[in-house]
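Just so you know, the protein sequences line up as chains P and Z, in that order.
For the first sequence, our numbering assigns the number 1 to the initial residue and increments by one for each residue that follows.
For the second sequence, our numbering assigns the number 243 to the initial residue and increments by one for each residue that follows.
Ideal Cβ positions, reconstructed from N, Cα and C, are used throughout, including at glycine.
The next block holds one structure in the form of structure tokens; read it before the comments.
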Amino acid sequence: VVEAIKDLVQDCNFDCNDDGIQLQAMDNSHVALVSMKLSTGAFSPFRCDRNIALGINLNSLMKVLRAAGNDDILTLKAEDQPDSLNLVFESPGQDRMSEYDIKLMDIDQEHLGIPETEYAATISLPSAEFQRICRDLSALSESVSIEASKDGVKFSCSGDIGNGSVTLRPHTNVEDESKSTSIALTEPVNLTFSLKYLVNFCKASSLSGSVQLCLSNEVPLLVEFKMGAGYLRFYLAPKIGD
Amino acid sequence: GPKQRSLFTFFQKV
């Protein structure tokens with residue numbers, strides 16, 4: 001998760017309570033927002049005696065996380081009114097244990113209320129497919145138009161060297177649900193977004209085999225990666241003509 | 243071309 005969001009947001013409050021750990025942060029330009037939840041089910045055990053916000057610089061956290069092995073067990077600990085976060089990595093065979101403390105920061109973060117939205121279009125597709133489309137089209141243009149209709153979803157762009165588009169039609173993969181593409185539509189939508197941000201969101205592709213795009217005309221796009229016990233959501237403000 | 247909007251256009255601070 002940290003790897004997926006660290007290029008978008010730098011200083012974040014990890015809000016801890018009985019439900020687990022949540023994070024909401026906007027990028028500096030106020031165009032994209034990250035919303036993450038790791039429920040208690042993601043941890044074993046999980047204990048939180050008092051609601052607490054852990055202000056963490058993600059670059060610092062990455063420096064420490066890089067010291068962990070892929071299969072290590074990670075324990076995160078913070079005291080009441082902490083000035084640091086304690087991280088312990090234990091190898092699966094328990095023959096190696098490393099321990100780090102990183103300094104916490106006071107982060108005065110703007111919190112946005114995200115209204116419950118009935119989206120006009122909800123598209124589910126393999127996350128690798130979405131990543132490929134964003135990467136391919138970003139070579140041609142800064143922006144992509146996403147047009148969803150009952151026939152399919154069309155990603156199109158135009159730039160100095162020419163233009164391009166990718167159209168996906170609904171498709172069911174019976175062996176692997178995450179490789180399916182589905183489109184639920186109440187009305188057609190057509191919106192334009194910055195590809196730079198979408199390419200950035202796709203760094204979360206390794207967290208989930210499929211991704212959900214939720215769109216309504218003239219509202220921010222929701223890109224959701226569902227995780228075993230939580231989610232990573234990105235909101236992106238659209239580009240709108242005058 | 244179309245202009246990039248801010249999230250503040252759509253979401254309120256709480």
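- Proximity of P:Lys239 to chain Z, defined by a Cβ-Cβ separation below 7 Å, is satisfied.
- Using a CB distance cut-off of 7 Å, P:Val219 counts as an interface residue toward chain Z.
- Residue environment for P:Pro126: buried (at least 16 other C-beta atoms within 10 angstroms of its C-beta).
- Put simply, of P:Gly159, P:Asp101, P:Pro115 and P:Ile21 the residue whose alpha carbon is nearest the alpha carbon of P:Lys63 is P:Asp101.
- Residues of the segment 185-197 of chain P with a C-beta less than 7 Å from any C-beta of chain Z: Thr192 and Ser194, listed in chain order.
- In this structure, the CA atom of P:Ala184 is about 49 Å from the CA atom of P:Arg96.
- Contact annotation: in the segment 111-145 of chain P, residues whose CB is within less than 8 Å of a CB in chain Z are His111, Leu112, Gly113, Ile114, Pro115 and Ser143.
- Counted as a single uninterrupted DSSP element, the stretch harbouring P:Ser127 is not any beta strand (DSSP E) but the alpha helix (DSSP H) occupying residues Ser127 to Ser138.
- P:Ser180 places its beta carbon less than 7 Å from that of P:Thr172.
- Per the DSSP secondary-structure output, P:Ser182 pairs in a beta bridge with P:Ser124.
- P:Val144 and P:Ile161 have their C-alpha atoms roughly 15 Å apart.
- Counting along the chain, no alpha helix (DSSP H) covers P:Asn163; the unbroken beta strand (DSSP E) around it starts and ends at Gly162 to Leu168.
- Think of a sphere of 9 Å around the beta carbon of P:Leu33: the chain Z residues whose beta carbon falls inside it are Leu249 and Phe253, in chain order.
- Put simply, the backbone Cα of P:Lys77 is about 12 Å away from that of P:Phe89.
- Neighbours of P:Met105 in chain Z, taken as residues at a C-beta separation under 9 Å, are lacking, since the least C-beta distance is about 21 Å.
- Taking every protein chain shown into account, the CB of P:Leu112 has 16 or more other CB atoms within 10 angstroms, so this residue is buried.
- In chain order, Thr117, Tyr119, Ala120 and Val189 place their CB closer than 7 Å to the CB of P:Ser216, counting only its own chain and leaving out the 5 sequence neighbours on each side.
- Spatial neighbours of P:Pro220 in its own chain (CB-CB distance under 7 Å, excluding positions within 5 residues in sequence) are listed in chain order as Tyr235, Leu236, Ala237 and Pro238.
- Nearest in C-alpha terms to P:Asp83, of all of P:Gly41, P:Leu104, P:Ile52 and P:Ser91, is P:Leu104.
- A Cβ-Cβ distance of about 5 Å is found for the pair P:Gly20 and P:Thr40, placing them in contact under the 8 Å criterion.
- Where P:Ala25 is concerned, the enclosing beta strand (DSSP E) starts and stops at Gly20 to Met26.
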